[in-house]
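Residue numbers (the numbering used here): 41 to 225. The next block holds one structure in the form of structure tokens; read it before the comments.
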């Protein structure tokens, strides 16, 4: 009986020494910035459930991926469905919407947006204004006139008491003389 107890204690002390040395090596590895310890399951074959014999011709690789859902489509979308998804109305104004506020200009007939100036008519006014500024020359920048400025076109009389700028061309039809009056009449 004593021999059995001695054999049991010696085997227990051997197992204790093995486990403490393994624990000591793990602590040393962790303290030296080695890989951190990880949990693992070491099971003996008798603890694992017995595998059932599959009579089907299923390979072991397909059985591995049975429980995994991959984030990819199983079937490719047809061309018709792809084009429908690309061009359908989403309701979030992602695609261009037609403007319903485009009307023709009453003066020149070019199209403009409602409530805005016609670009064609405005270009004519801009060109005429540039010609007026060129005609004033240095008076516009350096010798600012102290009196009111009046632009006189061909076949018009120059008023007295005003700074007169003569334009050597007829007055445009869209630029009436009364626009320059203070009252507009």
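Ideal Cβ placement from N, Cα and C applies to all residues, glycine included. Given the structure is predicted, the values throughout are model-derived calculations rather than measurements.
Residue 152 is bridged by DSSP to 143. Taking C-alpha positions only, residue 158 is separated from residue 152 by approximately 5 Å. For residue 182, there is no enclosing beta strand (DSSP E), as DSSP marks it with neither H nor E. Close CB contacts of residue 192 within its chain, under the 6 Å cut and outside five residues either way in sequence, are with 198, 204 and 206 (chain order). When only Cα atoms are considered, residue 161 and residue 170 end up about 14 Å apart. Bridge pairing for residue 190: 204 [DSSP]. Taking the Cα of residue 214 as reference, the smallest distance to any Cα among 106, 122 and 164 is reached at 164. Residue 112 carries a coil assignment under DSSP once its states are collapsed to helix, strand and coil.
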